[in-house]
Amino acid sequence: REPRPMDRSPPKPIRLVRSARLAGRLALVALLWAAGPASAQEDEARRASHLLDYIAVDYPAAVRDGVVVSELEYREQIEFAGEVRSLLARLGVRETNPIGGDLAELAATIQARGSAADVASHARALSAEIRTRFGVRALPPRVPDLESGGRLYAQECTSCHGIQGRGDGPAGLGLDPAPTDFTDLARAVELSPFALYNTISFGISGTGMVGFADAFGEAERYDLAFYVGSLAFRADAIERGRSIAEAEPERVSEKIPDFAALVHAPASELSGDADAEAVVAFLRSHPEFLRADASPLQAARRLLAESWSAFGEGDTRQAVDLAVAAYIEGYEPVEPSIDALDRDLRIALELEFLRYRGLLRRQAPRDDVEPVYASLRDGLAVTERRLESEGLGASAVFIGALTILAREGLEALLIIVALCGVLIRAERRDALRYVHAGWVAALLAGAATWYAAQELVRISGVQREVIEGLSSLIATAILFYVSYWLISKLQAERWQQFIHAKLTAALSRGSLWTLAAVSFIAVYRELLETVLFYQALWAQTGPAGMQPLVLGIAAGAALLAVLAALVFYFGLRLPVRHFFSLSSGFLYALAIILAGQGIAALQEANWLPATVISDLRIEWLGIYGTVEGLAMQGALVAAALATVPRLLSNQRRSSVVAEG
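Those letters in the sequence shown? Residues 57 to 716, per the working numbering, in order.
Here you go:
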């Protein structure tokens with residue numbers, strides 16, 4: 057019969073392909089949104105924090121005992137407070153927000169010519185609040201190198217600030233205000249390295265100080281900040297501080313609990329006597345003493361304590377944000393090291409983090425939250441001590457390196473192997489280039505993303521989890537389609553005669569690009585986390601762990617290659633019909649696993665709630681014991697159970713027709 061008008065719509069496989077391609081485009085927009093705006097937000101927040109730090113230091117030069125002593129400086133303070141208000145408005149902070157109210161109070165104090173102490177303390181507190189609220193990175197990407205900072209200073213700064221840093225360079229003569237005298241101890245102790253870093257990055261509006269954000273990388277700007285921040289300290293004070301720090305390290309930890317404190321706090325807040333001042337002078341000149349790049353668990357403990365404090369003050373949102381940061385920025389990077397030391401301890405701490413965040417979100421009574429917080433706090437302390445005392449021997453480093461690659465790469469490898477096997481059995485080797493193009497493009501995109509995260513923009517831990525979570529759910533959707541598409545081809549009457557013809561017709565250009573998309577997403581979703589884990593493991597071991605680390609990576613790659621060869625060897629020897637049935641079921645099973653992992657990643661990023669109903673965790677199956685993850689996986693299992701009987705019925709009808 058002649059088809060009715062409604063029959064002119066594209067066949068179902070084509071509609072599914074178009075839907076999958078549309079979903080891929082929408083997903084790309086979502087991933088770019090997850091990685092992009094937050095870095096711009098952080099930049100705006102960093103500028104606001106910088107201006108507040110500048111107000112804290114320079115206000116005493118404008119107002120003394122309620123009297124304006126420098127009209128230019130005073131107008132500058134008012135202007136900078138107004139600029140902070142504009143920056144916060146662009147960040148979506150209203151005046152009714154606590155941060156907006158604090159800023160209004162600071163501006164009123166400046167207008168009223170309040171005391172320098174009040175303005176300084178208020179401005180610094182507000183600066184810290186903004187950094188925490190908007191996730192401004194607190195630490196340099198590596199330990200600052202003062203020799204590098206000295207070279208940059210000689211290259212770019214001596215013309216204005218002078219060779220000795222006294223502000224007497226020839227190009228600075230006649231400038232108003234005059235270039236900063238970095239040897240002025242009274243001023244130096246009021247400036248933190250972070251404040252200096254921001255000044256170097258953004259410059260100071262209305263002065264001769266220009267920004268160097270485009271000229272120097274982040275690490276170089278921190279090098280320069282620590283160098284100029286050390287010029288005011290005398291050599292004898294630095295040496296005395298070294299003696300105290302080496303002989304009594306507990307005195308250092310009392311005043312400076314972690315590297316973040318050294319970066320952000322002015323020396324005047326860290327020191328209370330001559331010995332403490334000497335220690336600060338030494339650490340400012342030798343920041344490597346605190347081993348900033350080897351203490352992520354210290355950051356986790358600090359952020360967790362700040363989260364508990366925010367919860368006690370009734371700021372639930374801030375408490376949750378800090379708890380998420382404690383896990384993603386402090387704990388997760390060292391998971392492989394903890395796993396190599398004590399896997400049960402690692403899983404127990406992950407569950408405690410999950411419970412703690414869940415209680416905070418529900419605004420549970422303080423008495424219910426406190427035991428979980430205490431357990432988590434003590435667990436982190438125990439873990440840190442064990443890592444320091446037991447360390448990671450060569451065997452632990454080897455196992456950790458092997459496990460990272462095997463765990464992170466297994467799913468991607470199996471997906472790619474399964475897709476290649478399908479194409480080979482369908483005698484479509486010409487289409488393999490689409491699958492290979494997908495994973496090669498993923499490697500290139502992963503390398504570009506990692507470089508951008510290190511040098512160009514800040515991709516936070518939360519954004520990394522969002523990218524992984526969204527990628528996992530996108531992969532779930534596409535694998536669901538691919539597995540259904542494969543199993544729908546099981547209706548061929550005589551397999552050896554018809555499978556090639558049916559798949560050749562079905563593998564249109566759109567279908568092939570769908571396979572390329574699966575290959576790309578499967579590899580890309582793992583790359584950022586894999587690199588992060590290896591960086592953390594390297595930081596834990598140092599040069600001494602290079603050999604077992606490299607051997608572990610090589611062993612992991614060899615293990616994946618053996619698994620791929622076995623899957624190919626046994627898979628390609630199965631009868632064609634059984635091969636396609638198993639391939640379809642295998643890809644669907646991977647879709648279910650990725651769904652659980654995607655939900656878990658978005659829960660860690662605080663994009664989804666996490667309702668813990670069980671301590672059961674089978675990570676390689678994507679099972680994390682939460683209502684949300686199990687519900688998603690259960691829905692996919694139910695969809696499979698509902699679909700299989702109909703497909704089997706169609707196959708039986710096809711067989712009857714063929715035999716007839």
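The beta-carbon is built from N, C-alpha and C at its ideal position, and this holds for glycine as well. These numbers come from a predicted model, not from an experiment.
Practice prompt. Look at the alpha carbon of ALA244 and the alpha carbon of LEU144, and state the distance between them as a whole number of angstroms.
Written response: The sequence position of residue 244 within the sequence shown is 188, counting from 1. The sequence position of residue 144 within the sequence shown is 88, counting from 1. Spanning the two alpha carbons is a distance of roughly 28 Å.
Practice prompt. Please name the residue, chosen from CYS213, ALA321, ALA234 and LEU231, that lies closest to ALA271 on a Cα-to-Cα basis.
Written response: The residue given as residue 271 occupies position 215 in the sequence shown. Selected option, being the one with the closest Cα: CYS213.
Worksheet item: In three-state DSSP terms, what is GLY122?
Response: What you label residue 122 is simply residue 66 of the sequence shown in a count that begins at 1. Residue state, collapsed to three classes: coil.
Worksheet entry | Close Cβ partners of ASP109 (< 8 Å) along its chain, the five nearest in sequence each way excluded | On the sequence shown, position 53 is the one that residue 109 refers to. Hits under 8 Å: ALA179, ARG180, SER183, LEU247, SER248, PHE250, ALA251 and ASN254.
Fill in: Selected residue, minimal CA-CA separation from SER431, among VAL453, GLU440, LEU405 and ARG441
In the sequence shown, the residue the question calls residue 431 occupies position 375. Ranking VAL453, GLU440, LEU405 and ARG441 by Cα distance to SER431 puts LEU405 first.
Worksheet item: Is the distance from the Cβ of CYS216 to the Cβ of PRO196 below 8 Å?
Response: The count along the sequence shown starts at 1 and reaches residue 216 at position 160. The count along the sequence shown starts at 1 and reaches residue 196 at position 140. Not a contact, by the Cβ cut-off of 8 Å.
Worksheet item: Are the segment 163–177 and the segment 110–125 touching, with three or more C-beta to C-beta distances below 8 Å?
Response: For the pair of segments examined, the segment 163–177 was found to touch the segment 110–125: the number of CB pairs separated by less than 8 Å reaches three.
Item to complete: Determine the DSSP secondary structure at ILE403, reduced to helix, strand or coil.
Response: Reading the sequence shown from its first residue, position 347 is the one you call residue 403. In the structure shown, ILE403 sits in a helix (DSSP, three-state: H, G or I).
Worksheet item: Taking the alpha carbon of ILE649 as the point to measure from, which residue in ALA666, GLY690 and LEU107 has its own alpha carbon closest?
Response: Numbered from its first residue, the sequence shown carries residue 649 at position 593. Closest by C-alpha distance to ILE649, out of ALA666, GLY690 and LEU107, is GLY690.
Worksheet item: For GLY218, which three-state DSSP category applies?
Response: Sequence index remark: in the sequence shown, residue 218 carries index 162 (1-based). Correct three-state label for GLY218: coil.
Worksheet item: Just checking my contact of GLY221 with VAL284 at CB under 8 Å: how many whole Å lie between their CB atoms?
Response: Residue numbering aside, residue 221 sits at position 165 when the sequence shown is read from its first letter. Residue numbering aside, residue 284 sits at position 228 when the sequence shown is read from its first letter. That pair is a contact at about 6 Å.
Item to complete: Using the DSSP secondary-structure output, state which residues sit across from THR372 in a beta bridge.
Response: Taking the first residue of the sequence shown as 1, we reach residue 372 at position 316. When DSSP reads this structure, THR372 sits in no beta bridge, so it has no partner.
Discussion item. Assess contact between the segment 419–433 and the segment 389–396, defined as three or more Cβ pairs (one per stretch) separated by less than 8 Å. Is contact present?
Written reply: no
Worksheet item: What span of residues does the alpha helix (DSSP H) with PHE250 cover, start to end?
Response: Indexing the sequence shown from 1 puts residue 250 at position 194. Where PHE250 is concerned, the enclosing alpha helix (DSSP H) stretches over 249–258.
Discussion item. Just list the residues that DSSP pairs THR682 with in beta bridges.
Written reply: On the sequence shown, residue 682 is found 626 positions in, with the first residue counted as 1. DSSP, once it has assigned bridges, lists VAL668 as partnering THR682.
Discussion item. Give me, in chain order, the residues of the same chain whose beta-carbon lies closer than 7 Å to that of GLY223; leave out the 5 immediate sequence neighbours on both sides.
Written reply: Counted from its first residue, the sequence shown places residue 223 at position 167. Short of 7 Å from the beta carbon of GLY223, and not among the five residues preceding or following it, lie these beta carbons of its own chain, in chain order: HIS217, ALA234, PRO235, THR236 and ASP237.
Fill in: Alpha carbon of LEU162 to alpha carbon of ARG141, nearest angstrom
Taking the sequence shown and counting its residues from 1, the one referred to as residue 162 is at position 106. Taking the sequence shown and counting its residues from 1, the one referred to as residue 141 is at position 85. Whole-angstrom Cα-Cα distance: 11 Å.
Practice prompt. Below 6 Å CB to CB, which residues in the same chain sit around PHE536 once its five sequence neighbours on both sides are set aside?
Written response: Here residue 536 is taken as the residue at index 480 of the sequence shown, counted from 1. Around PHE536: ALA647.
Discussion item. For ARG77 and LEU499, I'd like the C-alpha separation in whole angstroms.
Written reply: Position 21 of the sequence shown holds residue 77. Position 443 of the sequence shown holds residue 499. Its pLDDT being 43, under 50, ARG77 is placed unreliably by the model, and the measurement read from it follows with that caveat. Note on geometry: alpha-carbon atoms of ARG77 and LEU499 lie some 21 Å from one another.
Discussion item. Once DSSP output is grouped into helix, strand and coil, what is the label at ILE155?
Written reply: Numbered from its first residue, the sequence shown carries residue 155 at position 99. In this structure, ILE155 counts as helix in the three-state DSSP scheme.
Worksheet item: Is it buried or exposed for LEU697, if we count other Cβ within 10 angstroms and need 16 for buried?
Response: The count along the sequence shown starts at 1 and reaches residue 697 at position 641. Exposed, since its Cβ has fewer than 16 Cβ neighbours within 10 Å.
Worksheet item: When DSSP labels each residue in this structure, what does ILE609 get in the three-state scheme?
Response: As a first step, residue 609 must be located in the sequence shown, where it is residue number 553. Helix, per DSSP.
Worksheet item: Which of the three DSSP states, helix, strand or coil, is assigned to VAL587?
Response: Taking the sequence shown and counting its residues from 1, the one referred to as residue 587 is at position 531. DSSP places VAL587 in helix when its eight states are reduced to three.
Worksheet item: In whole angstroms, what separates the C-alpha of GLY264 from that of ASP99?
Response: Your numbering for residue 264 matches position 208 in the sequence shown. Your numbering for residue 99 matches position 43 in the sequence shown. When rounded, the distance between both Cα atoms is 22 Å.
Item to complete: Leaving out five residues on either side along the sequence, give the residues of the same chain with a beta carbon under 6 Å from the beta carbon of ALA611.
Response: Residue 611 sits at position 555 when you count from the first residue of the sequence shown. For ALA611, where only same-chain residues beyond five positions count, the Cβ hits under 6 Å are LEU458.
Discussion item. Suppose you measure from the CA of VAL606 to the CA of LEU469; what does that come to, to the nearest Å?
Written reply: In the sequence shown, counting from the first residue as 1, residue 606 sits at position 550. In the sequence shown, counting from the first residue as 1, residue 469 sits at position 413. Answer to the nearest angstrom: the Cα atoms are 20 Å apart.
Worksheet item: Does the distance from the CB of LEU401 to the CB of THR439 come in under 8 Å?
Response: Counting from 1 along the sequence shown, the entry for residue 401 is found at position 345. Counting from 1 along the sequence shown, the entry for residue 439 is found at position 383. Their beta carbons are under 8 Å apart, which means LEU401 touches THR439 by this criterion.
Fill in: ALA181: first and last residue of the uninterrupted alpha helix (DSSP H) it sits in
For the purposes of this step, residue 181 is taken as the residue at position 125 of the sequence shown. From DSSP, the alpha helix (DSSP H) with ALA181 extends over 172–189.
Worksheet item: Can you give the Cα-Cα distance for GLU325 and TRP569, rounded to whole angstroms?
Response: Within the sequence shown, residue 325 is the residue found at index 269, counting from 1. Within the sequence shown, residue 569 is the residue found at index 513, counting from 1. Their backbone Cα atoms lie some 59 Å apart in a straight line.
Worksheet item: Ordered along the chain, which non-local residues of its own chain (more than five positions away) have a Cβ less than 8 Å from that of ALA172?
Response: For this step, residue 172 is matched to residue 116 along the sequence shown. The answer, listed in chain order, is TYR115, PRO116, VAL119 and ARG120.
Item to complete: If I'm right that VAL380 touches ARG413 with Cβ under 8 Å, what's the distance once you round it to whole angstroms?
Response: Numbered from 1 along the sequence shown, position 324 holds the residue referred to as residue 380. Numbered from 1 along the sequence shown, position 357 holds the residue referred to as residue 413. Right, the Cβ-Cβ distance comes to about 7 Å (below 8 Å), so this counts as a contact.
Worksheet item: Given ALA25, which residues of its chain have a CB within under 7 Å of its CB, disregarding the five upstream and five downstream residues?
Response: This structure does not reach residue 25, given that the chain is present from 57 up to 716, and the question cannot be answered.
Worksheet item: With 16 other CB atoms within 10 Å as the buried threshold, where does VAL149 fall?
Response: For the purposes of this step, residue 149 is taken as residue 93 along the sequence shown, with counting starting at 1. Its Cβ being crowded by 16 or more others within 10 Å, VAL149 is buried.
Worksheet item: Based on the DSSP output, what are the partners of VAL266 in its beta bridges?
Response: Stepping through the sequence shown from its first residue, residue 266 is reached at position 210. Answer is GLY259, bridged to VAL266.
Worksheet item: What is the DSSP secondary structure of ILE577, reduced to helix, strand or coil?
Response: As a working mapping, residue 577 is identified with position 521 in the sequence shown. Correct three-state label for ILE577: helix.
Worksheet item: DSSP three-state call for ILE312: helix, strand or coil?
Response: Sequence index remark: in the sequence shown, residue 312 carries index 256 (1-based). It is coil, neither helix nor strand.
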